[in-house]
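This note's numbering applies: residue 51 is where the sequence shown begins, and numbers increase by one. Glycine included, every Cβ here is placed at the ideal spot set by N, Cα and C.
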Amino acid sequence: MQELKRKDNETFDSMFHRFQQVCLKDGIFAEIRKREYFMPPSIKRKKKRAKAKKGKRF
């Protein structure tokens, strides 16, 4: 994760916006959503297979 430092005369809103952009770019929000609930390995494998199968259709 990158470190953000406040620029000269930067408002909190603009710094918060930069923080959100960095988090989106690094995939932090997606990782949080993915780890919000525990998912057993068997379910992970089923989802992975279903995603691969869906991708093969086209």
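Which of helix, strand or coil does DSSP assign to residue i?
i	result
G105	helix
K55	coil
Since I believe residue j is in contact with residue i (beta carbons under 8 Å), could you give me their beta-carbon distance rounded to a whole number of angstroms?
i	j	result
F66	C73	Rounded, the Cβ-Cβ distance is 11 Å, inconsistent with contact.
Alpha helix (DSSP H) runs contained entirely in the stretch 62-96, provided each spans 4 or more residues: When DSSP assignments are scanned along the stretch 62-96, the uninterrupted stretches of alpha helix (DSSP H) that are 4 or more residues long and fall wholly within it turn out to be 62-76, 78-84.
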